[in-house]
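There are 2 protein chains.
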Amino acid sequence: MSYENLVEDLPYIKEAINNKNEGYLKNIFDDLYSEDFLPLIYDLDSTQISYVLSLLDDETVARIISNLDEDTRHQIFKFFNKHQIAKFINELYSDDAADILNTFPVKDREEIISLIEDKEMAMHINELLRYDNDCAGGLMAKELVKANVSWNIKQTIEEIRLQTENVEKLYTIYVVNDDDMLVGRVSLKKIILSSDNTKIEEIYEPDILSVETHTDAQEVADIMQKYDLETIPVVNMYGKLVGRITVDDVMDVVKQQAVVDMHAMSGISTHVEEDDTVWKLCKARLPWLIIGIFGGLLGAFFMGFFEQNLAIVPAMAFFIPLITATGGNVGVQSSSLIVQSLAQTDTYDTNHAKRLVKALLVAIVNGLVICGLVFVFVILFQPIKLALVVSLALFFVILLASFMGTITPLILDRFGINPALASGPFITTANDLLGIAVYFSIAGLLYNLS
Amino acid sequence: MSYENLVEDLPYIKEAINNKNEGYLKNIFDDLYSEDFLPLIYDLDSTQISYVLSLLDDETVARIISNLDEDTRHQIFKFFNKHQIAKFINELYSDDAADILNTFPVKDREEIISLIEDKEMAMHINELLRYDNDCAGGLMAKELVKANVSWNIKQTIEEIRLQTENVEKLYTIYVVNDDDMLVGRVSLKKIILSSDNTKIEEIYEPDILSVETHTDAQEVADIMQKYDLETIPVVNMYGKLVGRITVDDVMDVVKQQAVVDMHAMSGISTHVEEDDTVWKLCKARLPWLIIGIFGGLLGAFFMGFFEQNLAIVPAMAFFIPLITATGGNVGVQSSSLIVQSLAQTDTYDTNHAKRLVKALLVAIVNGLVICGLVFVFVILFQPIKLALVVSLALFFVILLASFMGTITPLILDRFGINPALASGPFITTANDLLGIAVYFSIAGLLYNLS
């Protein structure tokens with residue numbers, strides 16, 4: 002049964018839940034992966050959810066819970082006492098367990114950890130809770146399989162049997178020395194193809210990439226993507242092997258970065274999702290809107306100096322939106338190209354002067370094309386002088402907006418600020434002001450000269 | 002030696018290349034992964050590159066070439082004859098090989114394929130070339146390890162020995178029946194932990210997710226991310242196992258989607274990168290700029306009807322940028338929230354009416370806050386009537402822009418168009434026009450009434 006089918010069958014499933022038709026439900030649930038339950042859970046009320054979960058085994062419940070968003074998860078935790086929660090936590094990988102426990106108040110968290118039966122797991126979780134979420138330590142799981150470099154294949158396979166109870170997906174066995182320091186890796190494939198008496202030291206690969214616990218999450222993602230790694234081992238500052246990060250954790254980092262960039266580009270100030278409360282959504286959106294408003298008011302104040310010009314040539318006002326919109330569009334295009342290129346530094350050299358010259362060339366070509374077009378259209382229904390003012394202003398606005406759009410993300414990046422912010426409302430507002438200033442200055446100049 | 006160190010050492014390495022200091026260079030190159038060579042390659046001229054490649058083994062050269070962008074790759078291919086190119090291609094996975102050959106003219110492509118020594122590889126490539134890049138067939142590689150359900154462990158290990166010559170990263174062995182149809186999987190871990198005489202049919206997992214050759218690439222990415230899969234097998238329409246897709250191929254799809262979305266949001270019409278030619282960059286940027294220009298001209302034409310109002314109250318013009326910018330900002334915020342939520346459909350139910358009501362509520366709250374603020378500021382330096390016009394217009398513009406920003410991505414998505422386009426210049430232009438219409442209509446109404 003696939004996800005699509007489940008959505009189609011939802012009405013029948015809900016009816017079966019209300020009638021407590023256990024046989025029918027168990028039959029359906031047996032075929033589902035834990036990830037498939039999400040649409041169902043999000044569609045049910047609290048008592049229905051609690052009934053569904055009562056039909057499932059602990060591991061499935063634990064996995065469903067770990068896939069939920071934080072709010073729904075805490076709704077569900079209300080049905081369970083701390084003993085039960087500890088039991089679910091115990092079924093998870095240590096990294097997921099720590100992430101979930103991180104959302105509890107300290108007192109509850111410590112109580113739950115003390116109730117976890119597997120004392121090694123509890124210790125692992127306590128260790129992981131020490132790390133920030135945005136570093137390798139916060140991404141890693143403690144579950145891994147390691148072999149001492151002096152072992153032979155037979156011993157190693159015995160150890161795999163012992164250690165893999167908690168490691169579902171196993172690709173690489175990390176090789177450590179007597180001090181537990183990471184010295185290399187050996188693939189399962191090599192172990193299968195070697196004879197029982199072969200020593201690990203004869204077949205292991207000493208060439209291994211690793212990260213330290215404090216390595217930035219984004220850097221971990223970059224390294225794993227660059228070298229196409231499925232897992233990467235994590236060592237502490239003494240080189241001791243302390244955990245491993247899998248590619249799915251890193252995929253989440255990559256996706257989250259995309260959302261952060263999109264938020265930055267669209268003027269949403271905190272991490273929100275569409276299903277957050279109205280008030281939270283308003284609060285996330287208001288700051289940038291208000292900054293935009295003050296930019297607009299500043300522009301209005303500035304135009305006040307040109308009130309006489311406007312009274313004489315009211316048609317000047319007609320082209321204000323054209324000027325500001327073009328400045329905004331050009332600025333966003335420029336900054337978004339730079340942001341995209343900054344995201345892949347290793348394939349492009351970072352010569353800023355070359356960048357600006359190129360941006361200028363592109364701006365000149367685009368500016369000339371657009372100027373010409375606008376001039377031709379404006380003289381159709383306005384005096385030639387106004388057409389001249391509008392197209393000249395457009396040309397300079399395009400140049401300036403290109404320059405700003407190119408330089409701002411580079412400056413933000415230099416100061417460690419997300420460059421995607423440069424495509425957002427702040428730069429658009431700045432470009433609006435710039436456009437108005439250029440337009441009215443040129444107009445003032447040309448009308449006063451004659 | 003890490004990438005950072007390599008960048009620092011670039012001057013010395015370049016000097017060594019110019020002096021043909023083979024010993025020094027080989028020593029450095031020995032420690033590098035093929036991915037590490039990219040910044041070096043991008044910093045050298047053609048003769049230097051050809052010298053560097055001559056120091057490396059075929060496999061490393063093949064991998065470096067497969068990591069380059071298309072233009073640079075074809076520059077490099079000029080140093081080699083078709084025999085040599087065929088030799089490099091032979092070192093790659095079949096999916097990368099097919100991707101590279103796809104960029105050659107048909108005649109050259111067929112000649113190179115005919116020169117590939119490994120006839121099975123040539124056959125694989127010919128098969129893969131049949132598929133489009135945006136479906137599972139275009140993503141998959143032919144290299145995989147499969148076992149017949151009737152084999153025992155000893156036989157399977159023998160087969161792994163034979164089959165894995167070309168499979169570097171091996172996690173899962175696919176289980177097929179006598180007709181080569183996919184029936185399940187068995188992990189290497191289970192094989193290691195089972196005795197030689199155990200039959201595959203006793204230990205294999207019949208529960209396996211697969212995709213068909215024609216499945217859309219984005220859907221493959223969604224499935225692999227949802228179920229945290231490192232590889233997924235690909236079957237043809239008869240259920241026969243024909244290939245497998247690894248998570249790194251899918252990661253590229255995810256990242257490319259992010260770039261496509263960013264382009265859509267910022268008004269860049271074709272796939273370009275900062276290091277493309279000036280002319281290509283101009284061509285990608287002009288279409289949306291020109292659409293914006295026509296929007297602006299339309300707005301100017303529309304405002305022409307209100308020339309008399311403007312002549313009497315020139316101060317009305319001051320607030321045009323405020324109105325259009327706020328409409329734009331609100332529209333982009335709304336659409337970007339919807340785009341983000343559409344990207345994760347499985348965690349949020351798709352009740353459009355509920356969505357619109359919520360967007361409306363958020364718009365009302367934001368509208369009231371902003372209206373109040375603007376009213377207070379405008380009466381400080383303008384007559385109360387104008388302040389009333391501006392804040393009333395703002396309120397309606399915020400409402401309308403929210404509605405447009407919410408509904409447009411939903412409509413685009415329904416018609417299979419990338420919803421991120423709705424945050425782009427098209428919708429911003431539409432919102433500008435809408436804002437002008439609302440502003441001048443309210444102004445006309447209020448000034449004519451009195």
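Chains as they are written, first to last, in this note's numbering: chain U, 2 to 451; chain B, 2 to 451. In this text, a Cβ means the ideal position worked out from N, Cα and C, and glycines have one as well. Only a predicted model underlies this, so the values are computations on that prediction, with no experimental measurement involved.
Under three-state DSSP, which class holds K190 (chain U)?
helix
Just curious, the beta strand (DSSP E) that I313 (chain U) is in, first and last residue?
Careful: I313 (chain U) lies outside any beta strand (DSSP E), inside the alpha helix (DSSP H) at E308 to I313.
Sorted by chain position, which residues of the same chain lie with C-beta nearer than 6 Å to I428 (chain B)'s C-beta, five sequence neighbours on each side aside?
G332 and T409
Nearest candidate by alpha-carbon position, reference A421 (chain U), set B:M266, B:L447 and B:I324:
B:M266
With a threshold of 16 other CB atoms inside 10 Å of the CB of K171 (chain U), please say whether the residue is buried or exposed.
At residue 171 (chain U) the sequence reads Leu, which differs from the Lys that was named. Classification for L171 (chain U): buried.
Other residues of its chain near L452 (chain U): CB distance less than 7 Å, five sequence neighbours each side excluded:
Look at the range of chain U in this structure, 2 to 451, and you will see that residue 452 (chain U) is not part of it.
Since I believe I294 (chain B) is in contact with V398 (chain B) (beta carbons under 8 Å), could you give me their beta-carbon distance rounded to a whole number of angstroms?
Rounded, the Cβ-Cβ distance is 22 Å, inconsistent with contact.
Beta bridge counterpart(s) of I66 (chain B) as assigned by DSSP
Answer by DSSP bridge pairing: none, since I66 (chain B) is not bridged.
What's the C-alpha gap between V243 (chain B) and F404 (chain U)?
51 Å
For M124 (chain B), name the three-state secondary structure that DSSP assigns.
helix
Using a C-beta cutoff of 8 Å, does Y471 (chain U) count as contacting chain B?
Given that chain U is displayed from residue 2 to residue 451, the structure contains no residue 471 (chain U) and the question cannot be resolved.
In or out: F416 (chain B) buried (at least 16 other Cβ within 10 Å) or exposed?
exposed
Given this structure, state the Cα-to-Cα distance separating D250 (chain B) from L140 (chain B), to the nearest angstrom.
7 Å
Pick helix, strand or coil for Y175 (chain B), following the three-state DSSP scheme.
strand
Is Q341 (chain B) close to chain U, meaning its C-beta is less than 8 Å from at least one C-beta of that chain?
yes
What is the rounded straight-line gap between the Cα of N310 (chain U) and the Cα of L387 (chain U)?
12 Å
Measuring CA to CA, which of B:A259, B:G406, B:V439 and B:Y228 is closest to Y34 (chain U)?
B:Y228
For chain B, find out if any of its Cβ atoms is closer than 8 Å to the Cβ of A423 (chain U); answer yes or no.
no
Please compile the residues from chain U whose C-beta is within a distance smaller than 8 Å of the C-beta of L401 (chain B).
Within chain U, no residue comes near L401 (chain B); the closest Cβ sits about 15 Å away, beyond 8 Å.
Classify A142 (chain U) as helix, strand or coil using the three-state DSSP reduction.
strand
Measuring CB to CB, does Q341 (chain U) end up less than 8 Å from G406 (chain U)?
no
Just list the alpha helix (DSSP H) runs in the segment 97 to 122 of chain B, keeping only unbroken ones of 4 residues or longer that don't cross its boundaries, in chain order.
107 to 116
Looking at the structure shown, is P322 (chain U) part of a helix, part of a strand, or coil, going by DSSP?
helix
Exposed unless 16 or more other CB atoms sit within 10 angstroms - verdict on D223 (chain U):
buried
Please identify the residue among U:I385, U:G296 and U:D197 whose C-alpha is closest to the C-alpha of I437 (chain U).
U:G296
Just the Cα atoms here: how many angstroms apart are G425 (chain B) and A326 (chain U)?
12 Å
Please classify H75 (chain B) as buried or exposed, where buried requires at least 16 neighbouring CB atoms within 10 angstroms.
exposed
Let me see if you follow: with CB-CB separation under 8 Å, is E220 (chain U) close to chain B or not?
no
Taking the beta strand (DSSP E) that G244 (chain U) belongs to, which residues open and close that run?
L242 to T247
Can you tell me whether M266 (chain B) is helix, strand or coil according to DSSP?
helix
Bridge partner(s) assigned by DSSP for I233 (chain U)
U:I246
Taking the alpha-carbon of L361 (chain B) as reference, which of U:I443, U:T278, U:T232 and U:V391 has the nearest alpha-carbon?
U:T278
Contacting positions in the segment 296 to 308 of chain B - beta carbon closer than 8 Å to chain U
G296, G297, L298, G300, A301, F302, M304, G305 and E308
W152 (chain U) versus chain B: which residues are under 9 Å apart at the beta carbon?
Result: empty, since nearest Cβ-Cβ is about 14 Å, beyond 9 Å.
Express the C-alpha separation of Q383 (chain U) and P322 (chain U) in angstroms, rounding to a whole number.
16 Å
Is R162 (chain U) buried or exposed, if buried means 16 or more other CB atoms sit within 10 Å of its CB?
exposed
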